[in-house]
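S.K.: The opening residue of the sequence shown carries number 2 in the working numbering; numbering runs sequentially from there. Where a beta carbon is used, it is the ideal one built from N, C-alpha and C, also for glycine. Nothing here was measured: the structure is a model prediction, and the numbers come from that model.
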Amino acid sequence: MTADFGDRLREVEREILARRPEHAIEPSLDRIEMLVSLLGDPHRAYPVIHLTGTNGKTSTARMTETLLRARGLRTGLFTSPHLTSMQERICVDGTPLRGELFVEAYDEILPYLHLVDERQPVPLSFFEVLVGMAFAVFADAPVDVAVIEVGMGGTWDNTNVADGAVAVVTPISIDHSRYLGNTVDAIAADKAGIIKPGAIAVLAQQPLDAAEMLLRRVAEVGATVAREGLEFGVTSRELAVGGQLVSVRGLLGEYRELFLPLFGAYQAGNAACALAAVEAFAGAAPGGEAGGPEPLGDALVREAFAMMSSPGRLEIVRRSPTVIVDAAHNPAGMAASVEALTEAFTFSGLVGILAVSEDKDVPAILDQLEPAVAELVVTCNSSRRSMNPAKLAELAAAVFGPDRVWLADRLDGAIEIAVGLADDAAAAAAAAGALPGGCGILVTGSVITAGDARLLLAPGGDAAGESGADHA
2 MTADFGDRLR
12 EVEREILARR
22 PEHAIEPSLD
32 RIEMLVSLLG
42 DPHRAYPVIH
52 LTGTNGKTST
62 ARMTETLLRA
72 RGLRTGLFTS
82 PHLTSMQERI
92 CVDGTPLRGE
102 LFVEAYDEIL
112 PYLHLVDERQ
122 PVPLSFFEVL
132 VGMAFAVFAD
142 APVDVAVIEV
152 GMGGTWDNTN
162 VADGAVAVVT
172 PISIDHSRYL
182 GNTVDAIAAD
192 KAGIIKPGAI
202 AVLAQQPLDA
212 AEMLLRRVAE
222 VGATVAREGL
232 EFGVTSRELA
242 VGGQLVSVRG
252 LLGEYRELFL
262 PLFGAYQAGN
272 AACALAAVEA
282 FAGAAPGGEA
292 GGPEPLGDAL
302 VREAFAMMSS
312 PGRLEIVRRS
322 PTVIVDAAHN
332 PAGMAASVEA
342 LTEAFTFSGL
352 VGILAVSEDK
362 DVPAILDQLE
372 PAVAELVVTC
382 NSSRRSMNPA
392 KLAELAAAVF
402 GPDRVWLADR
412 LDGAIEIAVG
422 LADDAAAAAA
432 AAGALPGGCG
442 ILVTGSVITA
452 GDARLLLAPG
462 GDAAGESGAD
472 HA
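Okay, structure coming up:
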């Protein structure tokens, strides 16, 4: 990439970031509908598998795309938010859009962005621009199928101008209450909006209120339903080196002892939902096989499961001490991550690093984290929405006790403190004759926190730096 082109890429990113941020929702599909109409309705050029839910959306979307690609299909994948680069959100054949193509896609739709901004009372947002770019990129590729993850909710999400042949709903819990409601059934009602007439709805295991709302939507629009635990699901799983062995009953067949290089029961459930979605698509896609769909094939599924990844989800980014980054950002997500971490790792102790958005249920997140973490370092991430570390320290002290909470003004300083605490704990455990295992570090609280930590801890990166560290 030339210096001039690198400048243009950074300029494009700045222009997109200067728009209304994706968390500032203006609930209307008018702007995105006008944009895709001006672009020639690119979202109608390929079938779509559409995903919503509270937790597990991105992991399930990535798994679904991997299975589709293993079947020999050319894929588009749109996910959000990104960990480290805006380009990650738009993938073709499993690869994030290269800088040149990202700039080209933006420049091609730029005149239409201006038209929409001029004609609508509210300009297009950061997220709406990226949705429009993704739809156009996938049409130009062209892809055989696009896997599209919502940004937030369902009914009013900008991705919902597309009609998914398959609609996947991962587990629903309370999050984004300001926009989606403060009860599970209200949130489920909004997310159910991605289930369209004639679609196949693949539903992860849900709280009763959410399940009732989703099934009501299925009945109203005449969709077909496949439910985890009934029509499909995980039949067994056991720990394995680097992940787990899972057996899954799918919609079209049984798949036994598949190696999944991810941790936790929730990731096994996500993989089962992805498998069901691809099986459903095999029967729902236009021009499907004569005589009805056939099982995907044990070898294909085995290969695809072994390739599955979910960056920023209980991901080991450094050893000695082991540092794990995780994007859990609400109480249900944190509970699932803590359960998986406790099951999969045998640390003699665990030091937590937490940076979380101001608008989250922080006390409930801390409640889930406290039993697993010996000491907690609180800090902030690179987002303007990140809670002030001093305020977070006050909330954490109420749950952990002040002697277990440390404060750092920056994430690099928090990592430095945590490494020191982990080394001290490991040395004390060894002196006391504890079994090998060492003390681990968990960096968590949001996707942005996980992404920031990955940047700092990547090979060649430097996690050290000045910090304003004080015991809280």
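If we ignore side chains and look at the alpha-carbon of each, how far apart do Asn161 and Pro112 end up?
M.R.: So the alpha carbons of these two residues sit roughly 23 Å apart.
S.K.: In angstroms, rounded to a whole number, what distance separates the CA positions of Gly349 and Ser60?
M.R.: Rather than Gly, the amino acid found at residue 349 in this sequence is Ser. Taking the straight line joining both Cα atoms gives about 29 Å.
S.K.: To the nearest angstrom, how far is it from the Cα of Leu259 to the Cα of Arg303?
M.R.: So the two alpha carbons sit approximately 6 Å from each other.
S.K.: In or out: Pro43 buried (at least 16 other Cβ within 10 Å) or exposed?
M.R.: Answer is buried; the Cβ neighbour count reaches 16.
S.K.: Taking 8 Å as the threshold (C-beta atoms), are Pro322 and Gly441 in contact?
M.R.: Contact: yes.
S.K.: Assign Gly288 to one of two classes, buried (16 or more other C-beta atoms within 10 Å of its C-beta) or exposed (fewer than that).
M.R.: For Gly288, the predicted structure reports a pLDDT of 38, less than 50, and the residue's modelled location is therefore unreliable. The matter cannot be settled from this model.
S.K.: Report the start-end ranges of each alpha helix (DSSP H) in the segment 237 to 316 that is 4 residues or longer and not cut off at the edges.
M.R.: Listed in chain order, the complete alpha helix (DSSP H) runs (minimum 4 residues) inside the segment 237 to 316 are 266 to 285 and 299 to 308.
S.K.: Under the three-state reduction of DSSP, which class applies to Leu209: helix, strand or coil?
M.R.: Leu209 falls in the helix class under three-state DSSP.
S.K.: Can you look up Phe348 in the DSSP assignment and give me helix, strand or coil?
M.R.: If DSSP states are grouped into helix, strand and coil, Phe348 belongs with coil.
S.K.: Where does Arg63 fall in DSSP's three states?
M.R.: It is helical.
S.K.: By the three-class DSSP mapping on this structure, what secondary structure does Ala227 have?
M.R.: In the structure shown, Ala227 sits in a strand (DSSP, three-state: E or B).
S.K.: Note down, one range per segment and in chain order, each alpha helix (DSSP H) of at least 4 residues found wholly within the segment 384 to 469.
M.R.: Counting only runs of 4 or more, we get 390 to 401, 412 to 432 and 448 to 458.
S.K.: Using DSSP with H/G/I as helix, E/B as strand and the rest coil, what is Thr171?
M.R.: Three-state DSSP puts Thr171 in coil, outside helix and strand.
S.K.: Assess, as a yes-or-no matter, whether the segment 40 to 54 is touched by the segment 136 to 156 under the definition of 3 or more beta carbon pairs within less than 8 Å.
M.R.: Cβ pair count under 8 Å is three or more, so yes.
S.K.: Can you tell me whether Asp31 is buried or exposed, with buried defined as 16 or more other CB within 10 angstroms of its CB?
M.R.: Exposed, by the Cβ-count rule.
S.K.: Measure the alpha-carbon distance for Glu277 versus Val242 and round it to whole angstroms.
M.R.: Looking at the sequence provided, one finds Ala at residue 277 rather than Glu. So the alpha carbons of these two residues sit roughly 26 Å apart.
S.K.: Report all residues from its chain with a CB closer than 7 Å to the CB of Glu89; omit the five preceding and five following residues, and keep chain order.
M.R.: His83 and Pro97, listed in sequence order.
S.K.: Consult DSSP for His51 and reduce its assignment to one of helix, strand or coil.
M.R.: Residue state, collapsed to three classes: strand.
S.K.: What does a CB cutoff of less than 8 Å around Glu221 pick up in its chain, not counting 5 residues either side in sequence?
M.R.: Closer than 8 Å at the Cβ level, and outside the excluded window around Glu221, lies no residue.
S.K.: Could you work out which residue in Ile196, Met153, Leu231 and Phe264 is closest to Pro312 when comparing CA atoms only?
M.R.: Cα-wise, what sits closest to Pro312 is Phe264.
S.K.: Where do the ends of the beta strand (DSSP E) carrying Leu367 lie?
M.R.: Here Leu367 belongs to no beta strand (DSSP E); instead the alpha helix (DSSP H) covers Val363 to Leu370.
S.K.: Would you check if there are 3 or more beta carbon pairs closer than 8 Å linking the segment 13 to 24 to the segment 363 to 381?
M.R.: The segment 13 to 24, when compared against the segment 363 to 381, does not touch it at the 8 Å Cβ threshold.
S.K.: Between the segment 350 to 361 and the segment 415 to 427, do three or more beta carbon pairs fall short of 8 Å?
M.R.: Touching, yes.
S.K.: Using the Cα positions of Ile110 and Gly194, report the straight-line distance between them to the nearest angstrom.
M.R.: Spanning the two alpha carbons is a distance of roughly 27 Å.
S.K.: At a cut of 8 Å, does the segment 354 to 362 reach the segment 384 to 393 through at least three beta carbon pairs?
M.R.: Segments in contact, yes.
S.K.: From which residue to which residue does the alpha helix (DSSP H) around Val146 run?
M.R.: Run containing Val146: none in the alpha helix (DSSP H); it sits in the beta strand (DSSP E), Val146 to Glu150.
S.K.: If Ala227 and Val249 are in contact, beta carbons under 8 Å, what's the gap, nearest whole angstrom?
M.R.: About 13 Å separates the two Cβ atoms, so there is no contact after all.
S.K.: If I measure Cβ to Cβ from Met35 and keep anything under 6 Å in the same chain, skipping five residues before and after, which residues do I get?
M.R.: Correct list, in chain order: Val117.
S.K.: Ends of the alpha helix (DSSP H) at Gly133?
M.R.: Start and end: Phe127 to Asp141.
S.K.: Any beta carbon from chain B within less than 8 Å of Thr96's own beta carbon?
M.R.: Structure shown: chain B not included; a single protein chain is present.
S.K.: I think Ile173 touches Gly54, with their Cβ atoms under 8 Å apart; what is that distance to the nearest whole Å?
M.R.: Confirmed, about 6 Å.
S.K.: In the DSSP assignment, what are the bridge partners of Glu119?
M.R.: Paired residues: none, contrary to the question.
S.K.: Can you name the start and end residues of the beta strand (DSSP E) that Ala78 belongs to?
M.R.: Ala is not the amino acid found at residue 78; the sequence shown has Leu there. It spans Thr76 to Phe79 - the beta strand (DSSP E) in which Leu78 sits, taken as one unbroken run.
S.K.: Mark Ser29 as exposed unless 16 or more other C-beta atoms lie within 10 angstroms of its C-beta, in which case mark it buried.
M.R.: It is exposed - the Cβ of Ser29 has fewer than 16 other Cβ atoms within 10 Å.
S.K.: Quick check: Ile354 and Ala415, are their CB atoms within less than 8 Å of each other?
M.R.: It is a contact, given that the beta carbons lie within the stated cut-off.
S.K.: Let me check understanding here. Comparing Cα to Cα, which of Glu239, Arg218, Glu213 and Gln206 lies closest to Glu232?
M.R.: It is Gln206 whose Cα lies nearest to the Cα of Glu232.
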